[in-house]
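Colleague: Starting off with a structure, shown below.
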Amino acid sequence: MELFSPVNSKFNFAEMKMEPEGELITRNLTDMDWMFKDQRAVEKLKAEDPQIYRYYNVKIPEEKGHLQHCISVINPGKIGEEYYMTKGHFHARKETAEVYYTIQGRGKLLLQSVTDKKPEVQVLEMEKGSLSYVPPCWAHRCVNTGNEELVFAGIYPGDAGHIYGEIEEKGFARLIVEREGRPAIIDNLKYG
Ligand code: F6R
Ligand code: ZN
Numbered sequence: 011m012e013l014f015s016p017v018n019s020k021f022n023f024a025e026m027k028m029e030p031e032g033e034l035i036t037r038n039l040t041d042m043d044w045m046f047k048d049q050r051a052v053e054k055l056k057a058e059d060p061q062i063y064r065y066y067n068v069k070i071p072e073e074k075g076h077l078q079h080c081i082s083v084i085n086p087g088k089i090g091e092e093y094y095m096t097k098g099h100f101h102a103r104k105e106t107a108e109v110y111y112t113i114q115g116r117g118k119l120l121l122q123s124v125t126d127k128k129p130e131v132q133v134l135e136m137e138k139g140s141l142s143y144v145p146p147c148w149a150h151r152c153v154n155t156g157n158e159e160l161v162f163a164g165i166y167p168g169d170a171g172h173i174y175g176e177i178e179e180k181g182f183a184r185l186i187v188e189r190e191g192r193p194a195i196i197d198n199l200k201y202g
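See the structure below:
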């Protein structure tokens, strides 16, 4: 393995961005519009195309032994009754885990098992200070249920890789929506 130099990154809360920026990936509504339940609400907002989330990847070799790490920022908001969320994915190397550390805001971490059996769904709370463990073989999506940006760090093996296609197509078996002013976990009737 080549010697890689130690590196520091810092999240600038005044400007809500990472410094140095690293690789910045932004997801606007039109990058994921089909993933939201309420397609009428999507149509109304499409022209405006709000940013749903962004994440700042520190550039680290995608190799075993390294640790990828990034800071994600999910904006507050809803499409219809469904909160802003990440697309969600599972790792290409399914046996790789991840740790999320919530730095600001409030949300839910939606986890769905990726095995041959019927998927199991679990939800973990994300709030300032939460350290959430995503074990191997769980797809994961973060949902901002609060009224400020949800900011969290993700740390995972260098060679984990990401698979989006299946979730882009099938979604998760549950959705996180606002009902009577509070987050509710409901079945995704379109799942599968
Ligand atoms: C990395 C990871 C997170 C997400 C980020 C954006 O394995 O889980 O850093 O990549 O929160 O979400 P996605 O990748 O689902 O668009
Ligand atoms: Zn991940």
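Using our numbering, the letters of the sequence shown correspond one by one to residues 11 to 202.
We treat Cβ as the ideally placed atom computed from N, Cα and C, and that holds for glycine.
Around the ligand ZN, what residues have a beta-carbon under 7 Å from a heavy atom of it, in chain order?
Modeller: H99, H101, E108, V144, H150, G164, Y166, A170, H172
Colleague: Go through its chain and collect everything with a Cβ distance to Q132's Cβ below 7 Å, but skip five positions before and after it.
Modeller: L121
Colleague: Please confirm if the stretch 93-100 is in contact with the stretch 150-157, defined as three or more CB-CB distances below 8 Å between the two stretches.
Modeller: yes
Colleague: At 4 residues or longer, and completely inside the stretch 134-195: list those alpha helix (DSSP H) runs for me, N to C.
Modeller: Secondary structure in the stretch 134-195: the alpha helix (DSSP H) runs of 4 residues or longer, each lying completely within the stretch, are 175-180 in chain order.
Colleague: Of all the options I35, I177, G202, G117, which has the alpha carbon lying nearest to the alpha carbon of E159?
Modeller: G117
Colleague: Starting from the Cα of K74, find the closest Cα among T155, Y63, D169 and give me that residue.
Modeller: D169
Colleague: Between which two residues does the alpha helix (DSSP H) harbouring V52 extend?
Modeller: 49-55
Colleague: Can you tell which of Y174, E188, G171, L141 has the C-alpha that lies nearest to the C-alpha of V161?
Modeller: L141
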